[in-house]
Ligand SMILES: NC(=O)c1ccc[n+]([C@@H]2O[C@H](COP(=O)([O-])OP(=O)(O)OC[C@H]3O[C@@H](n4cnc5c(N)ncnc54)[C@H](OP(=O)(O)O)[C@@H]3O)[C@@H](O)[C@H]2O)c1
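In my numbering, the protein residues as written are 2 to 333.
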């Protein structure tokens, strides 16, 4: 049996293009003991995949040119030679961008469509929800009454960070790229204020106005100039969580930026990067807490769902244009 596959064609220089992806066909291997035949149902596209398209050393190996791209996927078990999985189960894991594939069961775990919609296991109850919860609580150590500033606030991670901030009793200000997103942050997710960075000339001043008591916790999803403006507004003993830096992922040269050290020294401030897998031992606790808040109606989520296998690369590229609200997912 043949299946369609999407491979990395070229390592992009700067912003990736559709031509950096190759649409091909490949044979589905025959099923061996312990393995599963899977049909892809939902595919997660994420900004970090841009890093894997380059060959620069990172925390995760790069994709190989001419080989399938992989990401978080929800798949249906079509046939099983593994006693722990049955036909009709749904699994979540890192899988190839293929319509059908045979996979070992290691690293895959069952997800229950009765407990939450399947796509939620790629977002709020998956990697991005955990990133929001663990980054904010483990590094941000938020305290009631403090001010939390979130960049990339209308995306998968940012929209959850802001809501958790509200649950924990903080004043929350979000930065995003359209007025519609800012309105959504305030009316649907309970943010106290928002700044559209695309229509704001002086971000330092706008942050100061939106955060009159300064910034105690800055959850940074974007890096670059927005985060420089945040630095001018940090409080004594503030904490900056370096979650991501999407504004510079497509840069071809190391960007020139201001020195952060004097800001951190003057304010006795902490800045720390992290990868969600650093806290793997806390993932079960994170999922329990996120599920509880969801069931209590304290946490909401939104998704942007694109349809069709052929649209996976396009949906990924759209992240860099801010076309998504909440988690970007492709339904197959
Ligand atoms: N450390 C970790 O373990 C970890 C885990 C997951 C994600 N991340 C990082 O967290 C960040 C958010 O990830 P996500 O999955 O939640 O993605 P996302 O926020 O759902 O999608 C990306 C968003 O980034 C914004 N954006 C794009 N280009 C930008 C630019 N030049 N300047 C400012 N904003 C820009 C867009 O929104 P606008 O319309 O607002 O521009 C877009 O919607 C990414 O940097 C990602 O790499 C880190």
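Don't be surprised by glycine CBs; every beta carbon is placed ideally from N, CA and C.
Residue environment, residue i, which counts as buried when at least 16 other CB atoms sit within 10 Å
i: residue 48; result: buried
i: residue 309; result: exposed
i: residue 17; result: buried
i: residue 267; result: exposed
i: residue 329; result: buried
i: residue 253; result: exposed
i: residue 178; result: buried
i: residue 64; result: buried
i: residue 219; result: buried
i: residue 57; result: exposed
i: residue 208; result: buried
i: residue 143; result: buried
i: residue 145; result: exposed
i: residue 238; result: exposed
i: residue 314; result: buried
Residue i CB to nearest heavy atom of ligand 1 below 7 Å
i: residue 2; result: no
i: residue 191; result: no
i: residue 117; result: no
i: residue 48; result: yes
i: residue 318; result: no
i: residue 207; result: no
i: residue 277; result: yes
i: residue 57; result: no
i: residue 252; result: no
i: residue 222; result: yes
i: residue 200; result: no
i: residue 106; result: no
i: residue 227; result: yes
Nearest candidate by alpha-carbon position, reference residue i, set the options
i: residue 240; options: 256, 252 and 221; result: 221
i: residue 250; options: 51, 148 and 34; result: 51
i: residue 98; options: 44, 64, 36 and 91; result: 44
i: residue 13; options: 38, 33, 23 and 191; result: 23
i: residue 156; options: 171, 259, 176 and 138; result: 176
i: residue 6; options: 33, 70, 86 and 84; result: 70
i: residue 234; options: 174, 118, 9 and 315; result: 174
i: residue 25; options: 226, 33, 34 and 8; result: 8
i: residue 148; options: 169, 139 and 302; result: 169
i: residue 117; options: 228, 288 and 192; result: 288
i: residue 39; options: 96, 322 and 327; result: 96
i: residue 321; options: 36, 311 and 223; result: 223
i: residue 247; options: 159, 122, 205 and 187; result: 159
i: residue 30; options: 319, 92, 229 and 105; result: 105
i: residue 183; options: 27, 4, 319 and 327; result: 327
Bridge partner(s) assigned by DSSP for residue i
i: residue 4; result: 27
i: residue 69; result: 8
i: residue 39; result: 78 and 102
i: residue 94; result: 74
i: residue 175; result: 151 and 195
i: residue 240; result: 218 and 271
i: residue 329; result: 305
Hey, is the stretch 117 to 136 in contact with the stretch 161 to 169, meaning 3+ C-beta pairs nearer than 8 Å? yes
Can you find at least 3 beta carbon pairs, one from the stretch 104 to 115 and one from the stretch 267 to 281, that sit closer than 8 Å? no
How do the stretch 120 to 130 and the stretch 197 to 210 stand: do at least 3 beta-carbon pairs fall below 8 Å, yes or no? no
For the structure I just gave you, are there three or more beta carbon pairs, one from the stretch 77 to 91 and one from the stretch 295 to 303, closer than 8 Å? no
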